[in-house]
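Structure record follows, encoded as structure tokens.
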Amino acid sequence: MEQELAIFAASLAAVAALVALAHCLGFSAVGTVADEADAREALALVPGGFAVQALVLDAEGRSALARDAAGRLAAVVPHGGRLVARVLEPGSHLALDGDTLSIASPQLGPRTVHLTPVDSLPDWARSSPFAS
Amino acid sequence: MDFDPVTWAIPVFVALVVAELLWARRRRRGAYESRDTATSLAIGLGSTVVGAVTGSAVVAALVWMHDVSPFSIGWAWWAWPLCFVLDDLAYYCFHRSAHRVRWFWASHVNHHSSQHYNLSTALRQSWTGFFALAFVFRWPLALLGFEPGMILVCAGFNLIYQFWIHTEAIGRMPRWFEAVMNTPSHHRVHHAVNPRYLDRNYAGTFIVWDKLFGTFEEEDADTRIHYGIVHQLGHFNVVRAVFHEWAAIARDVRRSPWRHKLGYLWREPGWSHDGSRETSDMIRARWERKRG
């Protein structure tokens, strides 16, 4: 038992050291939705498929919002250094404040995602069923 | 035999993760993400605790199987390589089941839940393998007469072998090696969510099992690999990462009609009684239709 505890303590110390090293080496940077190709690649892997018809990107790469031919909306957001794409389902909420769209959705977890496009927000994003 | 090679390999695992971090800093910044690494290592650490708690039951069951077997091979030298090869075949069977039967997938999914592919990903081992009864896949070896100690040592070396193949730092190994052994290239395919790669390359040590049983897929150098699971986690919560599929199974079983409840346990991940979801075969078929 003593040996097992010693191995566990050493492993715990090694885990802490490795995570600290990863942080110190600069691996804690938050990813961005760099461009349209990035967003489309993430959307192509959405379960059930999602054929992008229109897409709008946040100017700072914080998110992207896409629409398919059926009128469904999907959001792309950074997750650590990668991207996650989610189709927005009932219960999602899009709020417009000036040029910034705030997206809250059970599919995105507890966070609210913000999107400020380089140009103006397209009509399809303003008039979505989730918009208020 | 009271020898666990995995415990002795831990310092080597740590040293190689450090080496890969330094490589990633210079050559591939995207290979690591600190929160993802923390999640992987925490899951790995937790799995060692679970292993310590459940280990004696796994050993006892293996010893019992060996005792009831009419065969006894003993500790002959030639039994070691034979046991290693057959243990790898047992691993292939387990691993294929772990991707094709949702009950086993629920236990295995956390190994795949990182969107990164590096040596820390290798340590995302299951916490619930004992509950899922994953250990039964090694029982046939004990029934064939192999010593339980020999089976467990071979299983340990199999696990150690699989550590180094979780990396993007190595492109391709020499051709003869790629032909026989599981390699970083083959295993990158296994961890990919690109439709053409789903449910391929289940091998542990020898890739020949996949070639033999028709589940092999070559890595295409022109295809950018996306790692993780079909429905990406989207969080770094260790407990949710470990148990999310079990929770999803419970939800599905509760909500489905009686005659379909078992289907959510033994059918493939993504199966649904109303066809509202996609299995990996359906995803691949959709991708092939789109590709023409």
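So the sequence lines, in the order shown, correspond to chains R and V.
Taking my numbering, the leading residue of the first sequence gets 1, the next gets one more, and so forth.
Taking my numbering, the leading residue of the second sequence gets 1001, the next gets one more, and so forth.
C-beta: ideal position from N, C-alpha, C; glycine also.
| Query | Result |
| --- | --- |
| Would you identify the three-state DSSP class for Gln1125 (chain V), choosing helix, strand or coil? | coil |
| Below 7 Å CB to CB, which residues in the same chain sit around Cys1093 (chain V) once its five sequence neighbours on both sides are set aside? | Phe1137 |
| Which residues in the same chain have their Cβ closer than 6 Å to the Cβ of Ser105 (chain R), if we skip the five residues on either side of it in sequence? | Leu88 and Ser92 |
| Roughly how many angstroms lie between the CA atoms of Phe1157 (chain V) and Ala1134 (chain V), to the nearest whole one? | 18 Å |
| Is it right to say Arg1102 (chain V) is buried, meaning 16 or more other beta carbons lie within 10 angstroms of its own, or is it exposed? | buried |
| In chain order, what residues of the same chain lie with their CB nearer than 6 Å to the CB of Thr1279 (chain V), ignoring the 5 residues before and after it? | Glu1268, Gly1270 and Trp1271 |
| Count the other CB atoms within 10 Å of the CB of Asn1237 (chain V); is the residue buried (16 or more) or exposed (fewer)? | exposed |
| Do Ser1097 (chain V) and Phe1104 (chain V) have their C-beta atoms within less than 8 Å of each other? | yes |
| Name, please, each residue of chain R whose Cβ falls closer than 7 Å to the Cβ of Thr1007 (chain V). | Ile7 |
| Does any CB atom of chain R fall closer than 8 Å to the CB of Tyr1032 (chain V)? | yes |
| Please classify Asp1002 (chain V): does DSSP put it in a helix, a strand, or coil? | coil |
| Could you check where the beta strand (DSSP E) with Ile134 (chain R) kicks off and where it finishes? | There is simply no residue 134 (chain R) to check, as chain R begins at 1 and stops at 132 in what is shown. |
| Does the region 1160-1170 of chain V come into contact with the region 1109-1124 of chain V, if we say contact requires no fewer than three beta-carbon pairs (one atom in each stretch) closer than 8 Å? | yes |
| With 16 as the cutoff for other CB atoms within 10 Å, does Trp1127 (chain V) come out buried or exposed? | buried |
| Can you give me the C-alpha to C-alpha distance between Ser1107 (chain V) and Gly1129 (chain V), rounded to a whole angstrom? | 6 Å |
| Can you tell which of V:Trp1266, V:Val1193 and V:Arg1240 has its C-alpha closest to the C-alpha of Arg1224 (chain V)? | V:Val1193 |
| May I ask you to report which of helix, strand or coil DSSP gives Leu1141 (chain V)? | helix |
| What does the alpha-carbon distance come out to for the pair Phe130 (chain R) and Arg72 (chain R)? | 10 Å |
| Report all residues from its chain with a CB closer than 8 Å to the CB of Ala54 (chain R); omit the five preceding and five following residues, and keep chain order. | Ala66, Arg67, Pro122 and Trp124 |
| In angstroms with no decimal places, state the Cα-to-Cα distance between Phe1243 (chain V) and Leu43 (chain R). | 26 Å |
| Considering only residues of the same chain and omitting the five flanking positions on each side of Arg82 (chain R), which have a CB-CB separation below 8 Å? | Gly31 |
| If the cut-off is 7 Å on Cβ atoms, which residues from the region 44-78 of chain R count as contacting chain V, listed in chain order? | Leu45, Pro47, Gly48 and Gly49 |
| So, is Gln1232 (chain V) buried or exposed, given that buried needs 16 or more other C-beta atoms within 10 angstroms? | buried |
| Is the shortest distance between the beta-carbon of Leu88 (chain R) and the beta-carbons of chain V less than 8 Å? | no |
| When the Cα atoms are used, what is the spatial distance from Arg126 (chain R) to Gly98 (chain R)? | 11 Å |
| What distance in whole Å lies between the Cβ atoms of Pro117 (chain R) and Ala74 (chain R), which are believed to be in contact at a cut-off of 8 Å? | Their Cβ separation, rounded to whole angstroms, is 16 Å, which puts Ala74 (chain R) and Pro117 (chain R) out of contact at 8 Å. |
| Chain V beta carbons: is any one of them nearer than 8 Å to that of Ser140 (chain R)? | Residue 140 (chain R) is absent from the model: chain R starts at 1 and stops at 132. |
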